[in-house]
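J.: In my numbering, the protein residues as written are 40 to 437. Dropping a structure here in C-alpha cells format, bear with me for questions.
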Amino acid sequence: MEQTLTIACKLQPTSEQATKMDALLKAFADGCNYANEQVKSGITSKTTIQNLVYQELRTQFGLSANQAVRVCARVGANRKTAKVKGEVVKQFSPTSADYDARIFAFREKDKTVSLTLLGCREHIPVVLANYQIGKLKGRKPTSAQLCKHKDGLFYIHIQLTDEAPDPIKSDKIIGVDFGRRDIAVTSVGDKWDGTEIRDTRDKFARVRASLQSKATKGTRCTRFGARNILKRLSGRERRYQTWLNHNISKLIVLSALNNNAIIAVEDLTGIRERTNQQPKSKIERRRSNSWAFLQLRLFIAYKSVKWGVEMVAINPAYTSQTCSKCLHIHPVTGQSYRSGKIFKCGHCGNHCDADENGSSMISIVGAAFVNLPGGSVLASDIADHIRATESPRILCVG
C-alpha cells in the first residue's frame, strides 16, 4: 500500500520570479475555467477533457504541454469531488498550479526547486527546516503544487510517495469518541480535555472582535495599529488547533500500535450542518463551527497508514445512547440515559462517564464492522435491530 505525504516549503523568489509565478498561476486558473466552461459539466475524465481543449489551452494561455495536461487533470478531479457532494464546479482561483516530473525538480545540493513557468524555467531557493530536510534527504520527488497562500507568499507543496507497511491484523478494537468537552476519549482510558482549546478559541474571538471594532473607528493611527495586530494574529488559532490535533492523533495511533489493536472512530460527516439547524446562541454557534473533528480524523488516518495500524469509520448513530455493558437502549426511541457527562443505564444500572461509554460502544460496533463475515454491521444497523425488537430492548452483537 502506498502513502503520499505532502511537504510544504516556503519559496524565496526574486521580485521578477514572483511576477512570473503570478502570471503562471493566473494562466493555470484561466485555463481551468476555460476547460470547465467549454466541456460539458457531466464529463469527469481527464483524457476526454484533454482531447477537447488541449490545443486551445496551449495557444490561448501559453501553457506548456504538461501544464495543459495538468489543467485537464485538475478540472476532472474537481468535478469528481463535486459530483460526490452533489455540487458543480463554478470557478477556479489563481492560488495553485499542479506540477509533474517533467516541469518540476527538487535540487537537494543547492536547496532550490526548478519550475517551468510561462515560456521559461526558473530555479527558486527554498527555505527548509530540519523536518523538511530530513524528509527530502536523498529523495527525488516527481510531483508538487505551486501555491500562493493568503499571506501573499509562495510555497511549494512537494508530494512524497512511500510504500506503507501492511496493517496489523487484530481482534482488539480501540474506540475513539470525539466531543467538545473532551476532544477525544478512547475505550482504553485515554482522554484529552477540551477546556483549554475552548478557552483559547474564546480568547481569540474576544481579541478579534475588539481589534475589528478599533480597525473601523478611532484615529488613523489606531486603525492602522489594529489592522497590523489582526494580521499578526491571523492563523495563530488555526496553527494551535493543528498542533494539538497532531499530538492527540499521534498518541492515539501509538496506543493502538502498542496494544496491537485496530482504531474505530466516528464518521461525523455533516455534523456541522446538523448542529447548525438547532437553535443556539451566537457563542454556541461559533464554538460548534470551530470544531476540528475532520482534521483530527484525517490525522489519525494518515498516521495509521504510516505505522501499519488499521482504522475504520463507523456510523455513530445510537452509540451515545446505548449502554456498553448490557447493550440496552432507552425504551422510548430517540431518548437516552445520558445527561451531560453522566450515563446511567436504567436496565443494568451501569453508571459511568458518558464519553467513556460512547467510546466503548464505538469499540463494540467497530469489532462487528471488522470481524463479522459477509459484510459490516454499522451503528445504523444496530438502530434498525433495536427498533424491530420488542421490549426489553437488548441487542446482541456477534
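All C-beta atoms, glycine included, are put in the ideal place defined by N, C-alpha and C.
Relative to the alpha-carbon of residue 232, which residue among 164, 146, 217, 174 has its alpha-carbon at the smallest distance?
T.: 217
J.: Rounded to the nearest angstrom, what separates residue 164 and residue 144 at their Cα positions?
T.: 12 Å
J.: Thinking C-beta only, is residue 108 closer than 8 Å to residue 67?
T.: no
J.: So residue 250 and residue 222 are in contact, right, with Cβ under 8 Å, and what is the actual spacing, rounded?
T.: With a Cβ gap of about 27 Å, residue 250 and residue 222 do not count as contacting.
J.: Starting from residue 256, trace the beta strand (DSSP E) both ways and give me its first and last residue.
T.: No beta strand (DSSP E) contains residue 256, which DSSP labels as neither H nor E.
J.: Buried or exposed: which applies to residue 300, given that a residue is buried once 16 or more other Cβ atoms fall within 10 Å of its Cβ?
T.: buried
J.: In three-state DSSP terms, what is residue 376?
T.: Residue 376 falls in the coil class under three-state DSSP.
J.: Do residue 142 and residue 134 come within 8 Å of each other at the CB atom, strictly closer than that value?
T.: no
J.: Of all the options 303, 331, 298, 270, which has the alpha carbon lying nearest to the alpha carbon of residue 285?
T.: 331
J.: If you pair each beta-carbon of the region 194-201 with each one of the region 41-48, do three or more pairs fall below 8 Å?
T.: yes
J.: By alpha-carbon positions, which one of 58, 226, 69 ends up nearest to residue 131?
T.: 69
J.: Compute the Euclidean distance between the alpha carbons of residue 51 and residue 353, then round it to the nearest angstrom.
T.: 44 Å
J.: Spatial neighbours of residue 100 within its chain, please: CB distance less than 6 Å, with the 5 preceding and 5 following residues excluded, ordered by chain position.
T.: 66, 69, 70
J.: Quick one: give me the first and last residue of the beta strand (DSSP E) that residue 182 is part of.
T.: 182-187
J.: Exposed or buried, which one is residue 407 when buried takes at least 16 other CB atoms within 10 Å?
T.: buried
J.: Along the chain, where does the alpha helix (DSSP H) containing residue 382 start, and where does it finish?
T.: Looking at the DSSP string, residue 382 is not in any alpha helix (DSSP H); the run it does join, the beta strand (DSSP E), is 381-383.
J.: Using the Cα positions of residue 117 and residue 176, report the straight-line distance between them to the nearest angstrom.
T.: Across the structure, residue 117 and residue 176 are spaced so that their CA atoms are roughly 32 Å apart.
J.: Taking 8 Å as the cut-off, decide whether the C-beta atoms of residue 292 and residue 343 are in contact.
T.: Going by C-beta atoms, residue 292 is nearer than 8 Å to residue 343.
J.: Between which two residues does the alpha helix (DSSP H) carrying residue 59 extend?
T.: Taken as a continuous stretch (DSSP letters only), the alpha helix (DSSP H) holding residue 59 covers 54-77.
J.: Over the uninterrupted alpha helix (DSSP H) stretch that includes residue 83, give me the two end residues.
T.: Here residue 83 belongs to no alpha helix (DSSP H), and DSSP marks it neither H nor E.
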